[in-house]
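Trainee:
2 protein chains.
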Amino acid sequence: MNEGNTNNLGRIIKQQRITLPLTLQELTAKSGVSSSHLGRIERGERFPSAHVLRKIAGPLGFEEDELLILAGYLSSQPHRIAEESLGYGSGRIDPYVAKVLAQEPVEVQRSVIGILSILKSISKSATKEYSTT
Amino acid sequence: MNEGNTNNLGRIIKQQRITLPLTLQELTAKSGVSSSHLGRIERGERFPSAHVLRKIAGPLGFEEDELLILAGYLSSQPHRIAEESLGYGSGRIDPYVAKVLAQEPVEVQRSVIGILSILKSISKSATKEYSTT
DNA sequence: ATTATAATTTGCCAAATGGCGAATGTCAAG
DNA sequence: CTTGACATTCGCCATTTGGCAAATTATAAT
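For the record, the sequence lines run as chains L and B.
Note that the numbering used here gives residue 28 to position 39 of the first sequence, counting from 1, and the numbers run on in steps of one.
Note that the numbering used here gives residue 111 to position 122 of the second sequence, counting from 1, and the numbers run on in steps of one.
(1) Whose Cβ in chain L lies nearer than 7 Å to the Cβ of B/Ala18?
(2) Give the straight-line distance between the Cα atoms of B/Gln14 and L/Leu56, rounded to the nearest whole angstrom.
(3) Assuming B/Ser20 and B/Lys3 form a contact by the criterion Cβ under 8 Å, report the distance between their Cβ atoms to the nearest whole angstrom.
(4) Checking 8 Å against the spacing of the C-beta atoms, do B/Val97 and L/Gln98 come in under that value?
(5) Could you tell me if the beta carbon of B/Gly33 falls within a distance shorter than 7 Å of some heavy atom in the ligand ADP?
(6) Nearest to B/Phe51 by CA position, among B/Val101, B/Leu108 and B/Thr8, is which residue?
(7) How far does the alpha helix (DSSP H) with L/Thr17 in it extend, from its first residue to its last?
(8) Cβ of L/Ala46 less than 8 Å from any chain B Cβ?
(9) With C-beta atoms as the reference, is B/Tyr62 less than 8 Å away from B/Ala91?
(10) Any beta carbon of chain B sitting closer than 8 Å to that of L/Arg29?
(11) Taking only beta-carbon positions, decide if L/Gln98 is within less than 8 Å of chain B.
(12) Mind checking whether L/Leu59 and L/Leu(-2) have CB atoms under 8 Å apart?
(13) Closest Cβ-Cβ distance between B/Val22 and chain L: below 8 Å?
(14) From B/Leu27 to L/Gly28, what distance separates their C-alpha atoms?
(15) My output table needs one value for L/Ala46: the three-state DSSP class, helix, strand or coil.
(16) Which bits of chain B does L/Leu105 rub up against, with CB to CB less than 7 Å?
(17) With a CB to CB cut of under 6 Å and the five nearest residues on each side skipped, what residues in its chain are close to B/Asn(-4)?
(18) State the Cα-Cα distance for the pair B/Gln5 and B/Lys88, rounded to the nearest angstrom.
(19) Within a Cβ cutoff of 8 Å, which residues of the same chain sit near B/Glu93, ignoring the five residues on either side of it in sequence?
(20) Answer yes or no: do L/Ile104 and B/Ile104 have a C-beta to C-beta separation smaller than 8 Å?
(21) State the Cα-Cα distance for the pair L/Leu16 and B/Glu31, rounded to the nearest angstrom.
(22) Helix, strand or coil for L/Ala60 per DSSP?
(23) Please list the terminal residues of the continuous alpha helix (DSSP H) segment that includes L/Glu91.
(24) Can you check whether the C-beta of B/Leu90 is within less than 8 Å of a C-beta belonging to chain L?
(25) Is the shortest distance between the beta-carbon of B/Ser25 and the beta-carbons of chain L less than 8 Å?
(26) Expressed to the nearest angstrom, what Euclidean distance is found between the alpha-carbon atoms of L/Ile82 and B/Leu108?
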């Protein structure tokens, strides 16, 4: 879990807190993370979850992702999507389909995809049955 | 811990794994995360740490941060993959949805839209019934 | 149908996270 | 020096994560 032993994260957090300045208890009040936990984080005895990092980032004046990057949870360089699996199929979305779908909330879009995958698996097993009869 | 009860993350991961296709064990081999853990994540029994998410993102063909965002660890705007929650008419297609759909032939894409519209009309009449109570 | 083989799920457990309250440390005022 | 008010650290422990191995379920093959 600990990657590299130098506890960069803890020192950075502590320094920022001191500079502001804030006490652990004040930071607790603003972030909702217990002061004991914060203290242990600062001196490298605990490795905070992404959740906790996000809670304290704001009160410390960090960008929300900044601490995640410093903690090594997030790689700073942007990656492009790997399209290894795009071998078959048209590789693009029909414009009409795109237009209709774009009008739906994202969660509906996702549900649609879910239904599609169910139908595909059904049709696969159905095909198999017929072919062996 | 669990934010929102719908286990989007698990479904997305599972679906992507199936689509590739990969077995849990193969994904284990590529990611170094045990298959039992992966299984539990897919069905929402475990909430993966950012660390684990980063390990499996690559083998699944996701951008490294993409899963973190989907998991709600990251609300960031660098790529702003998912600003769902914005309810209606996002006006755009979720990149993940686009990716999956683009793998299908156009006629399948159109069929999907057709099914969607049927479901919408069904749900509309159902809603009407409720509202008159 | 039966067996073999691969894939998924479950039971169990070690290790880590993170909170609460007590103990300890720090420092200014008397 | 002593007291009192804060700040920090420690002890303890409930909860979770995540791995290993056994059990179960699905998939082929004969």
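Note that the Cβ used here is the ideal one computed from N, Cα and C, for glycine as well.
Mentor: Straight from the coordinates:
(1) Neighbours of B/Ala18 on chain L: none; closest Cβ ~16 Å, over 7 Å.
(2) If you take the alpha carbons of B/Gln14 and L/Leu56, they lie about 33 Å apart.
(3) That pair is no contact at about 14 Å.
(4) no
(5) Absence of the ligand ADP from the depicted structure is noted, as is the absence of any ligand whatsoever, leaving it without description.
(6) B/Thr8
(7) Leu13 to Ser20
(8) no
(9) no
(10) no
(11) yes
(12) yes
(13) no
(14) Approximately 33 Å between the Cα atoms of the pair.
(15) helix
(16) Val101
(17) Gly33
(18) 10 Å
(19) Val101
(20) Their beta carbons are under 8 Å apart, which means L/Ile104 touches B/Ile104 by this criterion.
(21) 35 Å
(22) coil
(23) Strictly speaking, residue 91 of chain L in this sequence is Ala, with Glu absent from that position. Unbroken alpha helix (DSSP H) run through L/Ala91: Pro84 to Ala91.
(24) yes
(25) no
(26) 21 Å
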